[in-house]
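Novice: So the sequence lines, in the order shown, correspond to chains A and B. Sequence positions in the first sequence follow this note's numbering and run 14 to 300. Sequence positions in the second sequence follow this note's numbering and run -8 to 153. Just so you know, even glycine gets a beta-carbon here, dropped at the ideal spot from N, CA and C. Being a predicted model, the structure only gives us computed values, none of them experimental. Got a structure here, written out as structure tokens. Questions coming.
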Amino acid sequence: MRSFLPEFDLRAPANLVDALETLAHEPGTWRPFAGGTDLMVLLEAGKLPPGRYLSLWGLPELRGIEITDDEIVVGALTTYTDVLQSDALQAECPLVCRAAAETGGVATQNRGTIGGNIVNASPAADTPPALLVYDADVDLVSVRGVRRVPYDRFHLGYKHMDLAPDELVQSVRLARGRGGWLQAWRKVGTRRAQAISKVCLASAIDLTGAAVRDIRIALGSVAPTVARASLAEAAIRGRALTHETIAAGCNALARDITPIDDLRSTAEYRLRVARNLLEEFLSSAVA
Amino acid sequence: MSEVSAVTVSCRVNGVPAELRGHPMDRLLDVLRVELLLTGTKEGCGEGECGACSVVIDGQLVNSCLVPLLHARGTSITTIEGVAKGDRLHAVQQAFITNGGAQCGICTPGMVLAAVTLLERTPEPSLDDIRTALAGNLCRCTGYTRIFEAVLQACRATPPET
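Quick look at the structure:
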């Protein structure tokens, strides 16, 4: 049932400072609202918590993609369309672009934002696994200043984040220099377009040399949060990429993730598919 | 909580200045249909999946069911009613008629706007470009083939510079 609108408010602050002061003076009262592609769906379904929302959509301070010597800094309000139009991201963080291209249709890509996707904190979100592959850090801004948190430590549990009530995600910092790595992003869902994932895998491997110099593996929809598969990475890093190494990595992956049965899939299926996706990627790297 | 007062949002709709009044979280879809009587914009799913409520804001296709009224402030909005120039149909509209790209009509306004914005960005799209650009617009009648044919014909009819 549709929400009762008089129980809601939506205000547009004049600028970022105004937004941060509003959050600081009435902590916990205001919740951020960006492109609306998630929150408006909840509103229509009667599932959005009533209260006061602070629209960030008009804040230019949170937009834009900046390139430094060693990072690509993606503003929180960067839309999926902005991601797809960024030559730097296409060249250096192709998995983020793959995820953006598979997120909804064009109309959703024009409004959905990277910051919104992070803070919505769905374990089934498709872009966060790609962010983890590039060692993302999240810059959190408040009246107290800017705090930088490694993204693999930002999600503490289901919809529970290292984010104070007066803080906003300002930007996401992605490591550069992965151009020579072999990279893959795969989403398995009911159908290719506009379906929520059963399993999503993003991975990148540095094979310059006889052994695996470095590797990143991250998954969605297989744990209470998007998850980096550190045990699988450790089982593969530094070893020759043989069939034994691949098997050891896939076995370790089973200990990195905690999939569940839900309306989209089963734990057993998710575990099997997660292993298969990793095996497929690593085997293609050998070939 | 305190009383939420209605907001007045100034914008342009189909080239004409408009003052839209309502709750800041009213759906743009409802304001367009109820306040401005622009009923060409349809409600389908109401959750951003079907594209029936597509409109163009500042050159970008959006689902108007997911846009709160407040976010229309200062924007330029085009609805299906603003696509034809007087009695002269847009090439995409004419191509939909010629190719039988519309049946029940619910998806048609959104399909046309998705195609128009595609051709503005990519005057000579491939079939894959068209499929991707229209992927957020669902049609339960045509099977899509005639719609894709219409868009292909429209770009042959539309010289890139216009």
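Buried or exposed: residue 182 of chain A, going by 16 or more other Cβ atoms within 10 Å of its Cβ?
Specialist: So residue 182 of chain A ends up on the buried side.
Novice: Applying the 10 Å Cβ sphere with the 16-neighbour rule, what's the burial state of residue 275 of chain A?
Specialist: Exposed.
Novice: What residues from the segment 101 to 124 of chain A come within 9 Å of chain B, judged by C-beta to C-beta, listed N to C?
Specialist: Those residues of the segment 101 to 124 of chain A that come within reach of chain B (Cβ to Cβ, closer than 9 Å) are 114, 117, 118, 119, 120, 121, 122, 123, 124.
Novice: Would you say residue 35 of chain A faces chain B, with C-beta separation under 9 Å as the test?
Specialist: Chain B contact via Cβ: absent.
Novice: In angstroms with no decimal places, state the Cα-to-Cα distance between residue 156 of chain A and residue 69 of chain A.
Specialist: Cα-Cα distance, rounded: 16 Å.
Novice: Quick one: using the 10 Å Cβ neighbour count with 16 as the cut-off for buried, is residue 204 of chain A buried or exposed?
Specialist: So residue 204 of chain A ends up on the exposed side.
Novice: Closer than 7 Å by beta-carbon distance: list the chain A residues that pair up with residue 14 of chain B, in chain order.
Specialist: Those are 18, listed as they occur along chain A.
Novice: Assuming residue 92 of chain B contacts residue 86 of chain B (C-beta within less than 8 Å), just tell me the rounded distance between them.
Specialist: About 7 Å separates the two Cβ atoms, so the contact holds.
Novice: Do you know offhand how far residue 128 of chain B's Cα is from residue 44 of chain B's?
Specialist: Distance between the alpha carbons of residue 128 of chain B and residue 44 of chain B is about 9 Å.
Novice: Buried or exposed: residue 140 of chain B, going by 16 or more other Cβ atoms within 10 Å of its Cβ?
Specialist: Label assigned to residue 140 of chain B: buried.
Novice: Just checking: is the beta-carbon of residue 52 of chain B within a distance shorter than 9 Å of some beta-carbon in chain A?
Specialist: By this cut-off, residue 52 of chain B is an interface position.
Novice: Anyone know if the C-beta pair for residue 219 of chain A and residue 225 of chain A falls short of 9 Å?
Specialist: Cβ distance < 9 Å, so residue 219 of chain A and residue 225 of chain A count as in contact.
Novice: Against chain A, which members of the segment 116 to 128 of chain B pass a CB distance test of less than 9 Å?
Specialist: Per Cβ criterion, the list reads 123, 124, 125, 126, 127, 128.
Novice: Is it true that the CB of residue 232 of chain A sits closer than 9 Å to the CB of residue 287 of chain A?
Specialist: Cβ atoms of residue 287 of chain A and residue 232 of chain A: closer than 9 Å.
Novice: Residue 58 of chain B versus chain A: which residues are under 7 Å apart at the beta carbon?
Specialist: Residues of chain A passing the Cβ test: 49.
Novice: Helix, strand or coil for residue 69 of chain A? Go by DSSP, reduced to three states.
Specialist: Of the three classes helix, strand and coil, the one that applies to residue 69 of chain A here is coil, per DSSP.
Novice: Relative to the alpha-carbon of residue 215 of chain A, which residue among A/42, A/300, A/199, A/284 has its alpha-carbon at the smallest distance?
Specialist: Nearest of A/42, A/300, A/199, A/284 to residue 215 of chain A, Cα basis: A/199.
Novice: Under a CB-based cut-off of 9 Å, is residue 25 of chain A close to chain B?
Specialist: Output row for residue 25 of chain A: interface = yes.
Novice: By how many angstroms is the C-alpha of residue 83 of chain B removed from the C-alpha of residue 184 of chain A?
Specialist: C-alpha separation (whole angstroms): 39 Å.
Novice: Suppose you measure from the CA of residue 4 of chain B to the CA of residue 103 of chain B; what does that come to, to the nearest Å?
Specialist: Cα to Cα, the separation comes out at about 17 Å.
Novice: So, does the CB of residue 54 of chain A fall closer than 9 Å to a CB anywhere in chain B?
Specialist: Chain B, which has a Cβ nearer than 9 Å to the Cβ of residue 54 of chain A, makes this yes.
Novice: Quick one: measure Cβ to Cβ for residue 302 of chain A and residue 130 of chain A, integer angstroms, because I've assumed they're closer than 8 Å.
Specialist: With chain A running from 14 to 300 in the structure shown, residue 302 of chain A is simply not present.
Novice: Spatial neighbours of residue 252 of chain A within its chain, please: CB distance less than 7 Å, with the 5 preceding and 5 following residues excluded, ordered by chain position.
Specialist: Excluding sequence neighbours, residue 252 of chain A sits near 224, 225, 258.
Novice: Measure from the alpha carbon of residue 237 of chain A to the alpha carbon of each residue in A/209, A/67, A/271, A/260, then state which is nearest.
Specialist: Of the listed residues, the one whose Cα sits closest to residue 237 of chain A is A/271.
Novice: Per the DSSP calculation, residue 69 of chain B is bridged to which residue(s)?
Specialist: Residue 69 of chain B is bridged to B/47.
Novice: If you check the beta carbons only, do residue 32 of chain B and residue 46 of chain B fall under 9 Å apart?
Specialist: Contact: yes.
Novice: Give the residues of chain B in contact with residue 179 of chain A, contact being defined as C-beta atoms less than 8 Å apart.
Specialist: Within 8 Å Cβ-Cβ: nothing; residue 179 of chain A doesn't reach chain B, min ~19 Å.
Novice: For residue 57 of chain A, decide whether its Cβ has a neighbour in chain B, counting only Cβ atoms nearer than 9 Å.
Specialist: Residue 57 of chain A counts as touching chain B.
Novice: Taking 8 Å as the limit between beta carbons, can you name the residues of its chain near residue 176 of chain A, skipping five residues before and five after?
Specialist: Here the set comprises 132, 153, 167, 182.
Novice: Could you list which residues in chain B have their beta carbon closer than 9 Å to that of residue 68 of chain A, in chain order?
Specialist: Those within 9 Å of residue 68 of chain A in chain B are 15, 59, 61, 62.
Novice: Taking Cβ-Cβ distances shorter than 8 Å, what residues in chain A pair up with residue 39 of chain B?
Specialist: Those within 8 Å of residue 39 of chain B in chain A are 50, 53, 54, 117, 120, 121.
Novice: Please tell me whether residue 21 of chain A has its Cβ less than 9 Å away from any Cβ of chain B.
Specialist: True, the Cβ-Cβ gap to chain B drops below 9 Å.
Novice: Taking a Cβ distance cut-off of 9 Å, strictly less, list which residues of the segment 104 to 116 of chain B are near chain A, in chain order.
Specialist: Within the segment 104 to 116 of chain B, the residues whose Cβ lies closer than 9 Å to some Cβ of chain A are 105, 108, 109, listed in chain order.
Novice: Helix, strand or coil, according to DSSP, for residue 139 of chain B in the structure here?
Specialist: The answer is helix: DSSP assigns residue 139 of chain B an H, G or I state.
Novice: Does the segment 65 to 79 of chain B come close enough to the segment 130 to 138 of chain B that 3 or more CB-CB pairs lie under 8 Å?
Specialist: Touching, no.
Novice: Kindly indicate which three-state DSSP category residue 185 of chain A falls into: helix, strand or coil?
Specialist: Looking at residue 185 of chain A - three-state DSSP - the assignment turns out to be strand.
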